[in-house]
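> Take a look at this one; I'll ask things after.
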């Protein structure tokens with residue numbers, strides 16, 4: 001018990017020491033996404049990105065081993081808006097779980113795709129444990145890879161990690177995910193809930209526009225989201 005308490009204390013100290021701003025994490029999230037998508041043969045399959053309801057990016061998730069392992073990270077969830085591309089980001093905390101790279105201390109980038117409405121609604125909960133309350137599976141890698149297994153087809157969330165240049169699918173079993181209201185307050189000026197941001201019409205902060213532009217660039221599904229009648233009218237206008 002003492003060992004566990006000491007580990008948590010040391011980890012908290014590291015978190016405070018390594019803390020960055022919400023704007024810096026947005027920039028890091030954008031960089032991580034662009035770098036992954038720039039290598040399609042070794043990245044997130046395009047077909048999965050285009051059908052995903054939401055994406056979560058956690059840049060530089062920390063891991064430290066003080067007798068026992070501890071993992072924590074802050075990042076952002078972004079969901080699609082019907083007919084309008086990707087919406088405003090909501091802050092997320094991810095803690096615990098098993099995602100490989102177990103030796104010593106390391107920084108690992110985490111990417112998750114929420115593949116259906118059930119997965120998307122997990123973002124609105126106060127806390128969710130992956131693998132227990134939400135089904136999660138390691139995502140396939142590469143341009144032509146497809147979610148062909150039964151596990152991948154039925155999973156609410158597909159996940160990947162990148163560390164030391166290696167990008168691979170991982171199943172984040174045991175990790176917890178919760179809203180980060182303090183970061184939302186930093187971005188939006190008040191402690192908006194993730195439901196208010198992801199399900200409402202919140203205007204994205206200026207610092208999020210590069211990330212949203214990158215998502216729209218690599219996954220411009222807004223046309224597919226429009227009703228068929230609207231798409232026909234748009235073509236007639238052109």
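In the working numbering, the protein residues as written are 1 to 238.
Every residue gets a Cβ at the ideal spot worked out from N, C-alpha and C, and that includes glycine.
As the structure is a prediction and not an experimental result, all values here were calculated from the model.
Does DSSP classify residue 42 as helix, strand or coil?
Helix.
> With distance defined between alpha-carbon atoms, name the residue in 165, 93, 198 nearest to residue 35.
Nearest C-alpha to residue 35: 165.
> Please report the straight-line C-alpha distance between residue 237 and residue 72, rounded to a whole angstrom.
Summary for residue 237: the model assigns pLDDT 42, below 50, so the residue's position carries little reliability, and this model does not support an answer.
> Along the chain, where does the beta strand (DSSP E) containing residue 136 start, and where does it finish?
Residue 136 -> beta strand (DSSP E) spans 136-138.
> My output table needs one value for residue 20: the three-state DSSP class, helix, strand or coil.
coil
> Closest to residue 74 by CA distance: which of 177, 208, 210 is it?
177
> Below 6 Å CB to CB, which residues in the same chain sit around residue 241 once its five sequence neighbours on both sides are set aside?
An answer regarding residue 241 cannot be provided, because it is not within the stretch 1 to 238 covered by the chain.
> Can you tell me which of the three DSSP states residue 108 falls into?
strand
> Measure the beta-carbon distance from residue 54 to residue 88 and round it to whole angstroms, keeping in mind my assumption that it falls under 8 Å.
Not really, about 12 Å apart at Cβ, beyond 8 Å.
> Would you decide whether residue 28 is buried or exposed? Buried here means 16 or more other CB atoms lie within 10 Å of its CB.
Looking at its Cβ environment, which holds 16 or more other Cβ atoms inside 10 Å, residue 28 is buried.
> Excluding the 5 residues flanking residue 171 on each side, which residues of the same chain have their C-beta closer than 6 Å to its C-beta?
So the list reads 136, 137, 138, once near-sequence residues are dropped.
> Output needed for residue 203: all residues of its chain with C-beta closer than 8 Å, excluding positions within five of it in sequence on either side, in chain order.
88
> Starting from the C-beta of residue 208, find all residues in its chain whose C-beta is less than 7 Å away, skip the five residues before and the five after it, and write them out in chain order.
26, 88, 89
> Roughly how many angstroms separate the alpha carbons of residue 93 and residue 62, rounded to a whole number?
Each residue's Cα considered, the two are about 12 Å apart.
> Can you name, in chain order, every residue of its own chain whose Cβ lies under 7 Å from the Cβ of residue 205, other than the five neighbours on each side?
Excluding sequence positions up to five before and after residue 205, its CB lies within less than 7 Å of the CB of 187, 188, all in the same chain and listed in chain order.
> Check whether the Cβ atoms of residue 123 and residue 216 lie closer than 9 Å to each other.
no
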